[in-house]
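*Asks:*
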Amino acid sequence: MRLELLYFAWVRERIGIPRETVETEAQTVAALVSELSAREDRYALAFSDLTSLRVAVDQVLTDFDAPLSEAREVAFFPPMTGG
Amino acid sequence: MDIRVQAEAFDFGAEANSFAQARTDTGAVVTFCGIVRDTEIDPLNSMEIEHYPGMTERALAEIAAEAQRRWALLDVLIIHRYGLMTPGEKIMMVATASAHRADAFAAADFLMDYLKSRAPFWKKEHRTAGTDWVQAKESDEAALGRW
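In the order they appear, the protein sequences are chains A and B.
Here the numbering used here is used: the first residue of the first sequence is -18, the next is one more, and so on.
Here the numbering used here is used: the first residue of the second sequence is 230, the next is one more, and so on.
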């Protein structure tokens, strides 16, 4: 499955790119995170504390257990600071 | 409902005025404006706001729709900027219109609580002392429990 990954704020800075396209068979967000973390240190560093991260699948806020079937876009970012 | 996500500055007075004049069945308008704040003790040179194009508009529309479900609102306006801003610049505004003031006040309060931690914006502060991302406060998340 082809997924578009987006990174924002310090997650983007730690990983070093704002977006990328990946081929993955990961079934959940958590599985995708493990796969990325195993790939390179910069991912492992960005994903080291999931409690300080938020995830959106297809632009809807969700949690790390969320399934990725049908997903096209997954975004990782720190807790939001709007307003 | 009018939702705008933009880099450009906006005229708070003109926006509030035209919002208040838009219809004749409005009896109450509440506005809130968020401003880039400097402090003497830890000077701020500028603030950078990043957002998630697409999700931002969608999240704001959902938050505004939820406010409309909960209160008797005649109209809602949200303007939120992104990009680089200096102290004193207006970051965002919300305005709510209702027949009576209680709905407009409560809805504006609700919109601000949700906007803070459910709209995908991130603030980075460039201070004389250094540059860092603004961290979300636990009290911001806890504030959602009020609703």
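The beta carbon of each residue, even a glycine, is placed where N, CA and C say it ideally should be.
All values reported here derive from a predicted model rather than from experimental measurement.
1. Report yes or no: is there a C-beta of chain B within less than 8 Å of the C-beta of A:A52?
2. Going by C-alpha to C-alpha distance, which of B:G374, B:T360, B:E367 sits closest to B:S275?
3. What number of angstroms, rounded off, separates the C-alpha of B:M230 from the C-alpha of B:L306?
4. Determine the closest residue to B:A206 out of B:L302, B:M284, B:W351, B:Q364, with distance taken between C-alpha atoms.
5. Measure the Cβ-Cβ separation of B:I264 and B:I308 and say whether it is below 8 Å.
6. Quickly, what does DSSP pair B:A257 with across the bridge? List them, please.
7. Ignore the nearest five residues each way along the sequence and tell me which others in A:I(-2)'s own chain have a CB closer than 8 Å to its CB.
8. Look up A:V14 in the DSSP assignment and say whether it is helix, strand or coil.
9. Pull up the distance between the alpha-carbon of B:D267 and that of B:P316, whole angstroms please.
10. Would you be able to state if there are at least three C-beta pairs under 8 Å between the stretch 39 to 58 of chain A and the stretch 13 to 27 of chain A?
11. Please decide whether B:L273 counts as near chain A, where near means a Cβ-Cβ distance under 8 Å.
12. Run down chain C in chain order and give the residues with a C-beta less than 7 Å from the C-beta of B:K352.
13. Closer than 6 Å by C-beta to B:I376: which residues in its own chain qualify, once you throw out the five before and the five after it? Chain order, please.
14. Got a sec? Which residues, its chain only, sit under 6 Å from B:C262 by beta carbon, not counting five neighbours each side?
15. Ends of the alpha helix (DSSP H) at B:M276?
16. Can you name the residues that DSSP bridges to B:G263?
17. Taking the alpha-carbon positions, what's the B:A236 to B:P282 distance?
18. Scan the stretch 343 to 370 of chain B for residues whose Cβ lies nearer than 7 Å to a Cβ of chain A and list them as they occur along the chain.
*Replies:* Short version:
1. Taking the first sequence and counting its residues from 1, one reaches residue 52 of chain A at position 71. Not an interface residue.
2. To locate residue 275 of chain B, count along the second sequence from 1; it is residue 46. Across the set B:G374, B:T360, B:E367, the C-alpha of B:T360 shows the shortest separation from the C-alpha of B:S275.
3. Counting from one through the second sequence, the residue named residue 230 of chain B turns up at place 1. Counting from one through the second sequence, the residue named residue 306 of chain B turns up at place 77. The alpha-carbon of B:M230 is positioned some 6 Å away from that of B:L306.
4. Not covered by the structure: residue 206 of chain B. The range shown for chain B is 230 to 376.
5. In the second sequence, the residue the question calls residue 264 of chain B occupies position 35. In the second sequence, the residue the question calls residue 308 of chain B occupies position 79. Cβ atoms of B:I264 and B:I308: not closer than 8 Å.
6. Mapped onto the second sequence, residue 257 of chain B falls at position 28. Per DSSP, the beta-bridge partners of B:A257 are B:S327.
7. Sequence index remark: in the first sequence, residue -2 of chain A carries index 17 (1-based). Y(-12), listed in sequence order.
8. Working through the first sequence from its first residue, we reach residue 14 of chain A at position 33. Three-state result, A:V14: helix.
9. In the second sequence, residue 267 of chain B corresponds to position 38, counting from 1. In the second sequence, residue 316 of chain B corresponds to position 87, counting from 1. So the alpha carbons of these two residues sit roughly 6 Å apart.
10. Contact between the stretch 13 to 27 of chain A and the stretch 39 to 58 of chain A is present, because at least three Cβ pairs lie under 8 Å.
11. The residue given as residue 273 of chain B occupies position 44 in the second sequence. Contact with chain A is absent for B:L273, since none of that chain's Cβ atoms lies less than 8 Å from the residue's Cβ.
12. Looking at the structure shown, chain C is missing, and the protein chains on hand are A and B.
13. Counted from its first residue, the second sequence places residue 376 of chain B at position 147. Per the sequence shown, residue 376 of chain B should be read as Trp rather than Ile. Taking B:W376 as the centre and dropping the five residues before and after it, the same chain places the C-beta of F339 closer than 6 Å to its C-beta, in chain order.
14. What you label residue 262 of chain B is simply residue 33 of the second sequence in a count that begins at 1. Contacts found: F241, K319, M322.
15. Position 47 of the second sequence, counting from 1, holds the residue named residue 276 of chain B. Where B:M276 is concerned, there is no enclosing alpha helix (DSSP H), although the beta strand (DSSP E) it sits in stretches over 273 to 280.
16. Residue mapping note: residue 263 of chain B aligns to position 34 of the second sequence, counting from 1. Partner(s): B:M321.
17. Taking the first residue of the second sequence as 1, we reach residue 236 of chain B at position 7. Taking the first residue of the second sequence as 1, we reach residue 282 of chain B at position 53. Between B:A236 and B:P282, the C-alpha separation is close to 12 Å.
18. Cβ contacts with chain A: L344, K345, S346, R347, A348, P349, F350, W351, K352, W362, V363, A365.
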